[in-house]
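Protein chains in written order, with the numbering used here: chain A, 17 to 357; chain B, 6 to 380.
Glycine included, C-beta positions come from ideal geometry on N, C-alpha and C.
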Amino acid sequence: MSRTSHLLRRFLTPYLLLAPGLLWLIVFFIFPTVQMFLYSVSTGSVDFGYRLTWSFAAFTQIPQEFSRQFANSILYGTLATILTFLISYPLAYFIAFRGGRYKNVILFLVIAPFFTSFLIRTISWQIILGDNGPVIGLIHTVDVFHQVPQNFTFMGEPIAVVSGLVYNFLPFMTLPLYVALERIDLRLIEAAQDLYAGPWRPRGWIYGALGGAALGGLVGFGISWSVPAFAAAGAVLGTLIGGFFVSESFLRVTFPLSLPGVFAGSLLTFIPALGDYVNATLLGSPKTQMIGNVIQARFLESNDYPTASALSFVLMVGIIIAVMAYARVLGTEDLSGGVTI
Amino acid sequence: MPEIDVRLVDVTKRFGPDVVAVDHINLEVRDGEFFSLLGPSGCGKTTTLRMIGGFEEPTSGLIELQGQDVTWLPPYRRNVNTVFQNYALFPHLSIYENVAFGLRRRKVPDQEVRRRVSEMLELVELPGYEKRRPSQLSGGQAQRVALARALINRPAVLLLDEPLGALDLKLRKQMQIELKRIQQEVGITFIYVTHDQEEAMTMSDRIAVMNRGHYEQLGTPEELYERPTTRFVAGFLGVSNMLRGERLGEDGGYAVVQVVGGARVRVPRERLNGRAAVEVGVRPEKIRLLSAGAPAAEQLNRLDGRILDASYMGVSTQYIVRVADEANLTVYEQNVERTEEGSLHRPGEMVSLAWTPEHTFVIHEGTGGDAGNAG
Ligand SMILES: Nc1ncnc2c1ncn2[C@@H]1O[C@H](COP(=O)(O)OP(=O)(O)OP(=O)(O)O)[C@@H](O)[C@H]1O
Ligand SMILES: [Mg+2]
């Protein structure tokens, strides 16, 4: 083979490999995005057609009209991400380090719900959380002193929406975490222990309590239940976890090395959760509407394309900015080690 | 009597019902000593080391560190550090933070950390590498960082599991010298695991030669080489010639043993220890080749044989000599005295083999390897 053709091949190969992806992006991302932006600055109606007028009215109305739905989206999305993380991390850790020969079985169980449709799975939560469902039933059974009011309900409340989101996106968090944890060389953990990394006491108790209280409070606030009660419960849990489960070798080695998985998992959960409308539709009520509900309604029900497009556009830009900020934070050396907590 | 740093009392480690990785080991490592565990793959060296480090709990037995029973202490509570086989440097931390890791866990003030890290990097000849990542180091450099990271904690004992295993031969030789220098400089007890007998010999003060979960013989490199007491040790540390024989009687300070072809070999009496049927051995380079019938000093052991093969190897010549149509003996002859080409002994030539009785060693097979050889 001649030298030129060799060089040409070396030069072209990366582009050839990129081509299908690029084409895909152009057709299904760039083009619709441009189209969407153009709609957002148009005026008119479906019946009489839209004209590009470069009017930003659809944007300027957002803070006034839709800030509540945006706030709901951010709040539920954040809560769902934090909760999936808190559930997934121990799970992924267990599978990666203690799974043994059952690893694949447990992994299969994690993704098994995907064999059913997203819609069906969410509807099944209507049954689980419904007023005649097992959870409410259990609460009333346990509640022998009748402290819980008879009309106590989950449906239509933020907790139902967040539960649905957590359930639906759990595998998106678990799998990247598992992959990241699985790759960690166990000798690194032994090396840390060899270098005096022991239990995280007594600081684990303090940091655990503080962190737990903060997270608990946030959850309480997010699902608009009692903030102090949740903060207190979080503090107790956090103290136990920080004191007994989190070791210095975990803090200094395992966790920093799993950060790529944390990053990937939380993005894969947060981004779709932020734009989700199925959970809010099936499990929520008007007061728990998320921005996805509005976009869906504007596009498909009232055919208000400019508003729907403007909302989508703002959501997208917001996500991009948030992701970039997040990448910056997780990518710094300070977080991945070095500093003493 | 020097102080004992590490003591293993009757330590056994089983993995499941079938695998006995370490089988009733008793060991005493002295303060400041360079001690090696030498043995073939799978003989339990790593397992022994991991039990001392606290990564593995013995199935039975006792481990003492500087007089304290540490059998059930976790690694982070032991004053011992390890240099892992593939270094196990933390990939997400800089070299500085890698080396500082142990001090930080012990809450040493920042200023002292800084001082000691640069001191350590000086010692392992890597000053100025603080900011690098482990992925930006060569194998030899990573090895030094691993050493610095362990030594900076000034442990009572440093455990090293085949630390040079991943390096090429030349770097290996260089690091052997370096390791020995550093050990002498810091005066810390080293327990060194290797399957390379030459490496163990050049570096160690004492060696335990392990085989199948226990050690067969323990002693200085010289003792092990000159007077191996088991066939395994004789074979593992270099080449040896073994001869079966029977004790005939005594002659002054020597026992007389009749070996192949009726020849008589004298052995220092105490080495025979009263046994009747024995196996004696001699190292190839201890034997001098004489032309058949040539006179030799009276007190030398002497066998007659025929040259089967001669291979010229530069520094020396290796002969295979057939004795009494029964045994093949290997002989190394330094090429010092030969002045002209072609003056080698030729295959087929009759020769005499001669060596001093003191160079004859005796195999104590069957008496158990652990029998008090601690030199
Ligand atoms: N975790 C384990 N589970 C089961 N068997 C093990 C385990 N670790 C070691 N063994 C067995 O114990 C024996 C001793 O192993 P060890 O690693 O101590 O050998 P070694 O002398 O270090 O060998 P090498 O020179 O190959 O590193 C081997 O037969 C090995 O298969
Ligand atoms: Mg080993």
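A/E81 sits in a helix when the DSSP states are folded into three classes. Shown here, A/L273 sits in a helix according to DSSP, grouped into three states.
For A/W141, there is no enclosing beta strand (DSSP E); the enclosing alpha helix (DSSP H) covers residues F134 to L145.
Boundaries cannot be given for A/D292, as no alpha helix (DSSP H) includes it and DSSP labels it neither H nor E.
In terms of beta-carbon proximity, B/G21 stays away from the interface with chain A, with every pair separated by 9 Å or more. Only exposed fits A/F131, as fewer than 16 other CB atoms lie within 10 angstroms of its CB. Setting aside the 5 residues that flank it on each side, B/P289 is surrounded in the same chain by V244, T335, V336 and Y337, each with a C-beta closer than 6 Å to its C-beta; the list follows chain order. Contact annotation for A/E206 against chain B: R55, G58, F60, P80, T87, F89 and A93 [CB-CB distance below 9 Å, chain order]. Only L98, S99, E102, F106, G107, R109, R110 and R111 from the region 98 to 111 of chain B bring a Cβ to less than 8 Å from some Cβ of chain A. In the DSSP assignment, B/S316 falls within the beta strand (DSSP E) that extends over N306 to Y317. Spatial neighbours of B/Y101 in its own chain (CB-CB distance under 8 Å, excluding positions within 5 residues in sequence) are listed in chain order as V122, E135 and K136. At least one CB of chain B lies nearer than 9 Å to the CB of A/P272. Counting other Cβ atoms within 10 Å of its Cβ, A/I136 stays below 16 and is therefore classed as exposed.
Here the alpha carbon of B/L172 sits roughly 7 Å from the alpha carbon of B/G144. If you look at B/P114, you'll find it isn't in any beta strand (DSSP E); DSSP assigns it neither H nor E.
Using beta-carbon distances, A/G214 counts as an interface residue toward chain B, with a partner under 9 Å.
Three or more Cβ pairs closer than 8 Å define a contact, and the region 327 to 342 of chain A falls short of that threshold against the region 116 to 132 of chain B. As DSSP reads the structure, B/T17 sits in a beta bridge with B/S65. Note on geometry: alpha-carbon atoms of B/E363 and B/V264 lie some 17 Å from one another.
Here A/S301 has G172 as same chain residues with Cβ atoms under 7 Å from its own Cβ, once five neighbours each way along the sequence are excluded. Taken in chain order, the whole beta strand (DSSP E) runs of length 3 or more contained in the region 186 to 234 of chain A number zero. Taking C-alpha positions only, A/A313 is separated from A/S21 by approximately 56 Å.
Residues of chain B with a Cβ closer than 7 Å to the Cβ of A/V269 are, in chain order, F95.
Secondary structure in the region 163 to 236 of chain B: the alpha helix (DSSP H) runs of 4 residues or longer, each lying completely within the stretch, are 174 to 191, 202 to 208 and 226 to 231 in chain order. Each of B/C48, B/L164, B/I312 and B/I30 was checked against the Cα of B/I68, and the nearest Cα belongs to B/I30. Judged by DSSP in its simplified three-state form, A/T169 adopts coil rather than helix or strand.
Of the residues assessed, B/M56 falls on the buried side of the cut-off, its CB having 16 or more other CB atoms within 10 angstroms. Taking the CA atoms as reference points, A/V294 sits about 17 Å from A/F188. By the criterion of at least three beta-carbon pairs nearer than 8 Å, the region 48 to 65 of chain B is in contact with the region 76 to 88 of chain B. In this structure, DSSP gives B/F95 a state outside helix and strand, which the three-state scheme calls coil. The beta carbon of A/Y118 sits closer than 8 Å to none of the beta carbons in its chain outside the five residues before and after it. Taking the Cα positions, B/F366 is about 10 Å away from B/R271. Remark: the shortest separation between the CB of B/E167 and any heavy atom of ligand 1 falls under 8 Å. For A/Q51, the enclosing alpha helix (DSSP H) has its first and last residue at F47 to S56. Close CB contacts of B/I292 within its chain, under the 6 Å cut and outside five residues either way in sequence, are with V336, L358 and W360 (chain order).
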